[in-house]
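Colleague:
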Amino acid sequence: MWSPYDEGPRARYPIFIAAGAFALLVAGGIGLSMLARSDPASAPAEATPTADDPALPPAKVADGKFGYASSRATDPHPLGLDEVFKRKKVRAGDQTYLMTTRRLDKKCGQAVVGTKLQKALTAAKCTQMLRASFRDPSGKIIGTVGVANLKTSAGASKVIAVKSGKKQEEYLKALPGKDKVTKFLGSGEASVGYWTHGHYAILVWFQYKDGHLPKKTEAKKLSQTAIAVMDATVTPALDSRSLTGERP
89 MWSPYDEGPR ARYPIFIAAG AFALLVAGGI GLSMLARSDP ASAPAEATPT ADDPALPPAK
149 VADGKFGYAS SRATDPHPLG LDEVFKRKKV RAGDQTYLMT TRRLDKKCGQ AVVGTKLQKA
209 LTAAKCTQML RASFRDPSGK IIGTVGVANL KTSAGASKVI AVKSGKKQEE YLKALPGKDK
269 VTKFLGSGEA SVGYWTHGHY AILVWFQYKD GHLPKKTEAK KLSQTAIAVM DATVTPALDS
329 RSLTGERP
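Quick note on numbering: our numbering labels position 176 of the sequence shown as 264, and the sequence is numbered without any gaps.
1. Please return the same chain residues whose Cβ sits closer than 6 Å to the Cβ of P336, not counting the five positions on each side in sequence.
2. D182: buried (16+ other C-beta within 10 angstroms of its C-beta) or exposed?
3. Look up T232 in the DSSP assignment and give the residues it is bridged to.
4. According to DSSP, G281 sits in a beta bridge with which residue or residues?
5. Using the Cα positions of E277 and K153, report the straight-line distance between them to the nearest angstrom.
6. Would you tell me roughly how many angstroms separate the C-alpha atoms of E334 and T162, rounded to the nearest one?
7. Can you give me the C-alpha to C-alpha distance between T240 and K194, rounded to a whole angstrom?
8. Confirm, please, whether the CB-CB distance from G281 to V292 is below 7 Å.
9. Less than 8 Å between the CB atoms is what I'm expecting for R160 and Y185, so what's the real figure, rounded?
10. In the DSSP assignment, find the beta strand (DSSP E) that holds L192 and state where it starts and stops.
11. Whole angstroms are fine: how far does the CA of P166 sit from the CA of L218?
12. Tell me, please, whether the region 256–271 touches the region 174–181 by the rule of three or more beta-carbon pairs shorter than 8 Å.
13. Apart from the five residues just before and just after V322, which ones in its own chain have a Cβ nearer than 7 Å to its Cβ?
14. Under 7 Å, do A208 and K246 count as touching if we go by C-beta distance?
15. Could you work out which residue in P324, S279, C196 and A212 is closest to G299 when comparing CA atoms only?
16. Identify, in the order they occur along the chain, each residue of the same chain with its Cβ nearer than 6 Å to the Cβ of S130, setting aside the five sequence neighbours on each side.
17. Going by DSSP, name the residue or residues bridged to Y259.
18. What does the alpha-carbon distance come out to for the pair Q206 and V200?
19. Which residues mark the beginning and the end of the alpha helix (DSSP H) in which G317 is found?
20. Is the separation between the beta-carbon of Y288 and that of K228 shorter than 7 Å?
21. If the criterion is Cβ atoms closer than 7 Å, does the pair I230 and T270 meet it?
22. Taking DSSP as the reference, what is the three-state secondary structure of T240?
23. Which of helix, strand or coil does DSSP assign to Q216?
24. Buried or exposed for A249, please, with buried defined as at least 16 other CB atoms from any protein chain shown within 10 angstroms of its CB.
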């Protein structure tokens, strides 16, 4: 069985499946969520501070389609594991997914595989890589979700640009758990995906427990599981950052 921690010519690379679907569906979900929460008619009136108040900090101005999360300048606070991956059990639709492990790396290159991706994270001023691993109710599908905190949206776009090509050599390093299911993460073939949310880059690795190469219908199931986990964890956290630039 292949592992992302193996070195040398024997290593096989994960297959790239439906990352475009990840980007389309997750981005759509974020947009709808932000729209639902940003109704000006329902927002409470706030006092307007005067510009000559010496106690006021410099104003933050939201810019772009991701609001405050477009840049670390307007979204300066580090992400916390409890902010993104707090609950051990997350529910999406009629399914409950179990988080088995989580980790925060300040040296982002340690959480990915591939020299180009490591260099891109460094160039984009990555200060954090948060990862968490999950299993579906059946215990057959397992996966790792990662969120990189970068300086700008442009930097995030450059990070995910290294994914191009049929042969995947740059991807999120799977985070094995200590339980009897997610301990197999990183062994076998995987579906990997990449997309951005402002100055954040999101990377995923999802596979079957036994590591077999998924058929077309199985690949679709991996995509659905990844999206469900994202909807229950990363999406609401980054939605909040887009709207406020603050920790929730």
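Built from N, CA and C at the ideal position, the CB exists for glycine as well.
Modeller: Per the coordinate set shown:
1. The residue you call residue 336 lines up with position 248 of the sequence shown. Taken in chain order, the residues that qualify are S328.
2. By one-based count along the sequence shown, residue 182 stands at place 94. It is exposed - the Cβ of D182 has fewer than 16 other Cβ atoms within 10 Å.
3. Reading the sequence shown from its first residue, position 144 is the one you call residue 232. DSSP output for T232 lists S221 and W293 as bridge partner(s).
4. Here residue 281 is taken as the residue at index 193 of the sequence shown, counted from 1. Paired residue(s): V292.
5. Position 189 of the sequence shown, counting from 1, holds the residue named residue 277. Position 65 of the sequence shown, counting from 1, holds the residue named residue 153. Distance between the alpha carbons of E277 and K153 is about 35 Å.
6. As a working note, residue 334 is residue 246 in the sequence shown. As a working note, residue 162 is residue 74 in the sequence shown. Distance between the alpha carbons of E334 and T162 is about 9 Å.
7. For the purposes of this step, residue 240 is taken as residue 152 along the sequence shown, with counting starting at 1. For the purposes of this step, residue 194 is taken as residue 106 along the sequence shown, with counting starting at 1. Their Cα atoms are separated by approximately 17 Å.
8. Here residue 292 is taken as the residue at index 204 of the sequence shown, counted from 1. Here residue 281 is taken as the residue at index 193 of the sequence shown, counted from 1. In this structure, G281 lies closer than 7 Å to V292 by Cβ.
9. As a first step, residue 160 must be located in the sequence shown, where it is residue number 72. As a first step, residue 185 must be located in the sequence shown, where it is residue number 97. R160 to Y185, Cβ: 29 Å. No contact.
10. Counted from its first residue, the sequence shown places residue 192 at position 104. Counting along the chain, the beta strand (DSSP E) containing L192 begins and ends at Q183 to D193.
11. The count along the sequence shown starts at 1 and reaches residue 218 at position 130. The count along the sequence shown starts at 1 and reaches residue 166 at position 78. Taking the straight line from one Cα to the other gives about 11 Å.
12. no
13. Translated into the one-based positions of the sequence shown, residue 322 becomes position 234. Contacts found: V172, V233, V235 and I290.
14. By one-based count along the sequence shown, residue 208 stands at place 120. By one-based count along the sequence shown, residue 246 stands at place 158. Contact flag set, yes.
15. Your numbering for residue 299 matches position 211 in the sequence shown. Selected option, being the one with the closest Cα: S279.
16. Taking the sequence shown and counting its residues from 1, the one referred to as residue 130 is at position 42. Summary for S130: the model assigns pLDDT 39, below 50, so the residue's position carries little reliability, and this model does not support an answer.
17. For the purposes of this step, residue 259 is identified with residue 171 of the sequence shown, where counting begins at 1. V201.
18. As a position in the sequence shown, residue 206 is number 118, starting the count at 1. As a position in the sequence shown, residue 200 is number 112, starting the count at 1. Their Cα atoms are separated by approximately 7 Å.
19. Working through the sequence shown from its first residue, we reach residue 317 at position 229. Before going further, note that residue 317 is Val rather than Gly in the sequence given. Run containing V317: K304 to A320, per the alpha helix (DSSP H) assignment.
20. Taking the first residue of the sequence shown as position 1, residue 288 is located at position 200. Taking the first residue of the sequence shown as position 1, residue 228 is located at position 140. Result no, Cβ atoms of Y288 and K228 do not sit closer than 7 Å.
21. Sequence index remark: in the sequence shown, residue 230 carries index 142 (1-based). Sequence index remark: in the sequence shown, residue 270 carries index 182 (1-based). Yes; because the gap between Cβ atoms is below 7 Å, this pair is in contact.
22. Here the question's residue 240 lines up with position 152 in the sequence shown. Residue state, collapsed to three classes: strand.
23. Residue mapping note: residue 216 aligns to position 128 of the sequence shown, counting from 1. Looking at Q216 - three-state DSSP - the assignment turns out to be strand.
24. Within the sequence shown, residue 249 is the residue found at index 161, counting from 1. Exposed is the call here.
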